[in-house]
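A.B. asks: Here it is: the structure, laid out below.
Numbering (the numbering used here), first residue to last: 10 to 249.
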């Protein structure tokens with residue numbers, strides 16, 4: 010199964026634009042690197058080029074999850090445009106439609122991609138929103154799976170990334186290329202089929218680093234609590 014990994018370099022630092030390493034460093038067949046200046050079409054071209062037709066291609070996206078008012082579930086901090094569902098928030102998942110059928114499994118290594126925010130609080134903060142506009146990570150993931158025609162795995166909770174040779178990240182000039190490492194999965198991970206439906210029997214709750222706060226996921230009951238353990242991306246409120 011050809012393995013594609015796409016990494017947004019803002020995992021290293023907000024303005025980091027250097028190389029994160031090679032495909033071999035990440036045990037991948039092909040590696041795509043992006044940041045706030047990279048057009049989303051470059052990622053689409055990458056997948057079209059390397060996802061071999063008729064093969065079981067897998068895709069991993071490593072990036073920050075977008076958050077608003079301290080809640081996750083607003084999409085992915087990925088490429089210049091980000092990836093979001095809502096039309097109100099410049100939703101653009103439809104642009105991935107040209108990749109339909111090229112990917113068999115997509116994994117979103119990002120904080121809270123499937124998280125569902127507190128919509129009542131969102132409505133109180135900004136009454137212009139519609140029901141699916143504020144932090145419905147379940148709808149985001151379901152739509153993405155359906156748009157790609159791919160099974161998809163994502164978490165309702167925060168995740169951890171680390172630099173193997175550094176205790177903390179201070180600046181881009183002390184980053185060791187190829188040392189970015191995705192840690193063991195945190196909290197509840199859900200699986201969607203290519204039709205965008207949750208496969209309930211495939212949901213797995215992994216140990217969380219901390220159980221001091223509660224996040225929400227699809228399916229009703231909240232998953233085990235988790236404190237945010239990575240710096241999530243920040244998305245400003247939608248303009249009028």
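Glycine included, each C-beta is placed from N, C-alpha and C at the ideal position. Everything numeric in this text was worked out from a predicted model, so none of it was measured.
Touch check for the stretch 50 to 57 and the stretch 19 to 37: three-plus C-beta pairs under 8 Å?
C.D. replies: No: fewer than three Cβ pairs fall under 8 Å.
A.B. asks: I'd like to know whether the C-beta atoms of residue 123 and residue 72 end up nearer to each other than 8 Å.
C.D. replies: Taking 8 Å as the Cβ cut-off, residue 123 and residue 72 do not qualify as a contacting pair.
A.B. asks: Using a Cβ-Cβ cutoff of less than 6 Å, which residues in the same chain neighbour residue 186 once the five nearest sequence positions on both sides are dropped?
C.D. replies: Within the same chain, residue 186 has close Cβ partners 28 and 30.
A.B. asks: Taking the alpha-carbon positions, what's the residue 74 to residue 20 distance?
C.D. replies: One C-alpha to the other measures close to 10 Å.
A.B. asks: Between 12, 114, 109 and 48, which lies nearest to residue 86 when the distance is taken from Cα to Cα?
C.D. replies: Ranking 12, 114, 109 and 48 by Cα distance to residue 86 puts 48 first.
A.B. asks: The beta strand (DSSP E) spanning residue 165 covers which residue range?
C.D. replies: Unbroken run through residue 165: none, as it is neither H nor E.
A.B. asks: Go through its chain and collect everything with a Cβ distance to residue 26's Cβ below 7 Å, but skip five positions before and after it.
C.D. replies: Only 18 and 44 meet the Cβ criterion.
A.B. asks: What does DSSP give as the partner residues of residue 124 in its beta bridges?
C.D. replies: BP columns for residue 124 are empty, so no partner.
A.B. asks: Using 8 Å for Cβ pairs, my map puts residue 162 next to residue 117. What's the rounded Cβ distance?
C.D. replies: With 8 Å as the limit, residue 162 and residue 117 qualify as a contact, their Cβ atoms being about 7 Å apart.
A.B. asks: Go ahead and label residue 93 buried or exposed: buried means 16 or more other beta carbons lie within 10 angstroms of its beta carbon, across all protein chains shown.
C.D. replies: Under this definition residue 93 is a buried residue.
A.B. asks: Let me know if residue 151 comes out buried or exposed under the rule of 16 or more other beta-carbons within 10 Å of its beta-carbon.
C.D. replies: Under this definition residue 151 is a buried residue.
A.B. asks: When DSSP labels each residue in this structure, what does residue 50 get in the three-state scheme?
C.D. replies: Helix at residue 50.
A.B. asks: By a C-beta neighbour count over all protein chains shown, 10 Å radius and 16 as the cutoff for buried, is residue 153 buried or exposed?
C.D. replies: Under this definition residue 153 is a buried residue.
A.B. asks: Could you spell out the range, first to last residue, of the beta strand (DSSP E) harbouring residue 75?
C.D. replies: Taken as a continuous stretch (DSSP letters only), the beta strand (DSSP E) holding residue 75 covers 73 to 77.
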